[in-house]
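Enquirer: With this note's numbering as the guide, the letters of the sequence shown map in order to residues 21 to 288.
Glycine residues also receive a C-beta, built at the ideal position from the N, C-alpha and C atoms.
Every value quoted in this text rests on a predicted model; they were computed, and no experiment measured them.
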Amino acid sequence: MVGDPVAHSKSPLIHKFWLKRLGIEGDYRCTRVTASELPSYLAARRRDPHWRGCNVTMPLKELALAAVDTCSSAAAGAGAANCIIRGEAGLVGANTDVAGVIGALPHLLSREVAAIIGGGGAARAAVYALGRHSLHDVRIIARDPDRARRKLGSISGDLRFFAVEDARRGMDCAERIIQASAAGMAGNPPLPQAVLDALADAHPDAFCLEMVYDPPLTPFVRRARELGYGWNDGIAMLIAQAEEAFRLLFGAPAPRRCDAELRELLRA
């Protein structure tokens, strides 16, 4: 894992856990790499025959996409690469956040109404993931709707944008709700109360996905539980995207039968 900062990442714990369970000899480390250092880091990795690839976290995901030789359709569509692997023709950029969203949202249907909270990089992956399932009514609730429109509008023309103050209209009858902002993450400002209140206007059978995994039980998840909605927390999303990264990096399926034990380790 590379990024700045990166010491907080739980990805090494996940990948080392899976490597051990499968008896695969390998390693997964965190390396602090700034935006200016990324080109030299990747140049050095190209020369390292033992290097299989890396995950990429903020603020390097968009820079990583520009630094690779080719990329997956998901990375191109989301406008960011959070995984780089060594391919036969050079470095390949992938976006496992897209697979993570799809994996953590069960049984997506094209007729469903979706609301996404946030207008940044995680929201881009969420928009692209919903587009792959042909959802045509997707609402974006963001602090700055104009900025969100500039960042997300190129992915899909079926988006509608709402300010936080207008969250109730954006959430009205939504069946899939994705919390894709950094609000509520440890050390960040909380999710606005207007958004939490607006959850009550969603569809009675709504399913909520939190993309923040620290803390494990966010106010968004608590509110979803209070309202009786289905939900998945940020750890479910974290494991789902890591599963795709593990397959790309190590060429083996992750042992998901061990999820309960892994979750306990991640919550410790």
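Write down every uninterrupted run of the beta strand (DSSP E) in the stretch 124-199 whose length is 3 residues or greater and which is fully enclosed by it, in chain order.
Expert: You should have 133-137, 157-162, 179-183, 196-199.
Enquirer: Under the assumption that proline 273 contacts arginine 267 (Cβ atoms under 8 Å), give the Cβ distance between them as a whole number of angstroms.
Expert: Yes, they are in contact, since the Cβ atoms of proline 273 and arginine 267 sit about 6 Å apart, within 8 Å.
Enquirer: Locate the alpha helix (DSSP H) running through valine 112, then write down its first and last residues.
Expert: Unbroken run through valine 112 is the beta strand (DSSP E), 110-114; no alpha helix (DSSP H).
Enquirer: Along the chain, where does the beta strand (DSSP E) that runs through leucine 229 open and close?
Expert: Counting along the chain, the beta strand (DSSP E) containing leucine 229 begins and ends at 227-230.
Enquirer: Would you list, in sequence order, the uninterrupted beta strand (DSSP E) runs of no fewer than 3 residues that lie entirely inside the stretch 249-284?
Expert: Complete beta strand (DSSP E) runs here, min 3: 250-252.
Enquirer: Could you spell out where the alpha helix (DSSP H) holding glycine 73 opens and where it closes?
Expert: First-last for glycine 73: 73-75, but that is the beta strand (DSSP E), not the alpha helix (DSSP H).
Enquirer: Would you call the stretch 126-134 in contact with the stretch 185-195, where contact means no fewer than 3 C-beta pairs closer than 8 Å?
Expert: Verdict: yes, contact present.
Enquirer: Any idea what DSSP makes of valine 20, helix, strand or coil?
Expert: As shown, the chain starts at 21 and ends at 288. That puts residue 20 outside it, with no answer to give.
Enquirer: Going by C-alpha distance, which of Phe270, Met257, Leu269, Gly271 is nearest aspartate 279?
Expert: The shortest Cα separation from aspartate 279 among Phe270, Met257, Leu269, Gly271 belongs to Met257.
Enquirer: Within the continuous beta strand (DSSP E) that includes arginine 106, where are the two ends?
Expert: Run containing arginine 106: 103-107, per the beta strand (DSSP E) assignment.
Enquirer: Is arginine 49 helix, strand or coil by DSSP?
Expert: Note: arginine 49 maps to coil in three-state DSSP.
Enquirer: Express the C-alpha separation of valine 121 and isoleucine 104 in angstroms, rounding to a whole number.
Expert: Approximately 19 Å, taken between the alpha carbons.
Enquirer: If you run the structure through DSSP and keep just helix, strand and coil, what is valine 26?
Expert: Coil.
Enquirer: Please report the straight-line C-alpha distance between alanine 63 and methionine 78, rounded to a whole angstrom.
Expert: The alpha-carbon atoms of alanine 63 and methionine 78 are separated by roughly 20 Å.
Enquirer: So, with DSSP's three-state summary, where would you put histidine 70?
Expert: Coil, per DSSP.
Enquirer: Taking the alpha-carbon positions, what's the arginine 180 to lysine 171 distance?
Expert: The alpha-carbon atoms of arginine 180 and lysine 171 are separated by roughly 13 Å.
Enquirer: Do alanine 119 and alanine 143 count as a contact pair if the criterion is CB distance below 9 Å?
Expert: The answer is no: Cβ separation not under 9 Å.
Enquirer: Count Cβ pairs between the stretch 40-47 and the stretch 221-237 that sit closer than 8 Å; are there 3 or more?
Expert: Touching, no.
Enquirer: Would you mind reading off the limits of the alpha helix (DSSP H) that contains glycine 97?
Expert: Where glycine 97 is concerned, the enclosing alpha helix (DSSP H) stretches over 93-98.
Enquirer: Looking only at C-alpha atoms, which of Leu111, Ser174, Leu237, His153 sits nearest to glutamine 199?
Expert: Ranking the options by Cα distance to glutamine 199, first place goes to Leu237.
Enquirer: If you run the structure through DSSP and keep just helix, strand and coil, what is alanine 286?
Expert: Note that residue 286 is leucine in the sequence shown, not alanine. Leucine 286: helix per DSSP, three-state reduction.
Enquirer: From tryptophan 71 to alanine 187, what does the alpha carbon distance come to, in whole angstroms?
Expert: Rounded to the nearest angstrom, the two C-alpha atoms are 45 Å apart.
Enquirer: With three or more C-beta pairs closer than 8 Å as the rule, is the stretch 46-58 touching the stretch 83-99?
Expert: They touch, by the three-pair rule.
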